[in-house]
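Note that the protein sequences, when read in sequence, are chains A and B. The opening position of the first sequence corresponds to residue 1 in the numbering used here, with each subsequent residue numbered one higher. The opening position of the second sequence corresponds to residue 1 in the numbering used here, with each subsequent residue numbered one higher. Below: one structure, written as structure tokens.
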Amino acid sequence: DTAVSQTPKYLVTQMGNDKSIKCEQNLGHDTMYWYKQDSKKFLKIMFSYNNKELIINETVPNRFSPKSPDKAHLNLHINSLELGDSAVYFCASSQWGDRGRETQYFGPGTRLLVL
Amino acid sequence: ELKVEQNPLFLSMQEGKNYTIYCNYSTTSDRLYWYRQDPGKSLESLFVLLSNGAVKQEGRLMASLDTKARLSTLHITAAVHDLSATYFCAVPLGTYKYIFGTGTRLKVLA
């Protein structure tokens with residue numbers, strides 16, 4: 001059973017298009033995250049959600065709009081894609097506040113290439 | 001702003017050798033996490049260090065945490081090729097946020 005799943009795994013699209021990435025976790029965690037990993041492997045948090053509520057928005061352009069329909073799902077919609085959006089996007093989940101369960105579980109990543 | 005720095009950024013080592021990766025962070029934290037990322041893959045958890053002086057070992061890897069020095073180390077003993085990967089440390093900041101280190105790309109040569 002996959003703990004954190006993301007779809008699609010690969011996304012190739014033209015500048016200006018709109019795309020969505022979906023994420024689901026079956027670990028029962030309350031907290032979910034979106035990260036962006038650039039070509040230098042640097043990993044930066046974009047959003048954190050806890051119990052479907054947005055907690056952290058790390059000065060991400062408002063072309064990026066996350067949505068959490070329930071605790072197990074966190075989707076990311078990107079409008080008007082730009083070349084600089086090309087990266088790997090990881091979804092993750094954890095149980096924040098429970099010191100023994102705060103480690104994050106990551107999805108397989110979505111490799112986005114904007115042409 | 002919390003900074004999490006790892007060194008070295010790149011490490012090429014021979015099989016059988018020992019080496020240490022360092023993770024320094026700039027603000028107070030009582031816990032730290034280590035992750036491994038294989039090329040083209042996702043991140044997987046290696047160690048969870050929850051207090052000052054914590055030491056965890058798994059196979060050829062051993063991690064420790066010194067919260068007073070704001071330093072964690074990941075020690076590799078008798079490296080093997082299978083350990084080739086990128087290693088990240090991560091520090092929680094405030095609430096519902098983790099800051100990841102710059103990553104250390106390890107290549108173990110046969």
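Glycine residues also receive a C-beta, built at the ideal position from the N, C-alpha and C atoms.
Handout entry: Helix, strand or coil at H81(B) [DSSP, three-state]
Key = Helix, per DSSP.
Problem - Under 7 Å between C-beta atoms of K22(A) and N75(A) - result: yes
Practice task
Using the Cα positions of A90(B) and G16(A), report the straight-line distance between them to the nearest angstrom.
Solution key: 34 Å
Practice task
List in chain order: all unbroken beta strand (DSSP E) runs of 3+ residues lying wholly within the region 81-112 of chain A.
Solution key: 87-94
Practice task
For chain B, find out if any of its Cβ atoms is closer than 7 Å to the Cβ of L112(A); answer yes or no.
Solution key: no
Exercise for the section: Could you pull out every residue in the same chain whose Cβ sits closer than 7 Å to the Cβ of E102(A), ignoring the five residues on either side in sequence? Expected result: S94, Q95, W96
Exercise for the section: Mind checking who T7(A) pairs with in its DSSP beta bridge? Expected result: K22(A)
Problem - Exposure of H81(B), with buried meaning 16 or more beta-carbon neighbours within 10 Å - result: exposed
Practice task
Can you have a look at D85(A) and say buried or exposed, based on whether 16 or more other CB atoms are within 10 angstroms of its CB?
Solution key: buried
Practice task
In angstroms with no decimal places, state the Cα-to-Cα distance between K19(A) and G53(B).
Solution key: 46 Å
Problem - Beta-carbon proximity of L50(B) to T27(B), cut-off 7 Å - result: Contact flag unset, no.
Practice task
Just the chain B side, please: which residues come within less than 9 Å of Q104(A) by C-beta, in chain order?
Solution key: Y33, Y35, L43, S45, A90, Y98
Exercise for the section: Step through the CB atoms of chain B and report whether any lies within less than 7 Å of the CB of P108(A). Expected result: yes
Practice task
May I ask you to report which of helix, strand or coil DSSP gives M32(A)?
Solution key: Here M32(A) sits in strand by DSSP.
Exercise for the section: Starting from the C-beta of S84(B), find all residues in its chain whose C-beta is less than 7 Å away, skip the five residues before and the five after it, and write them out in chain order. Expected result: L106, K107, V108
Practice task
Verify the CB distance criterion: does R99(A) have a CB-CB separation below 7 Å to chain B?
Solution key: So yes, R99(A) belongs to the interface.
Practice task
Jot down the residue ranges of each uninterrupted beta strand (DSSP E) in the region 7-70 of chain B, minimum 3 residues, whole runs only, in chain order.
Solution key: 10-14, 19-25, 32-37, 43-49, 55-58, 61-66
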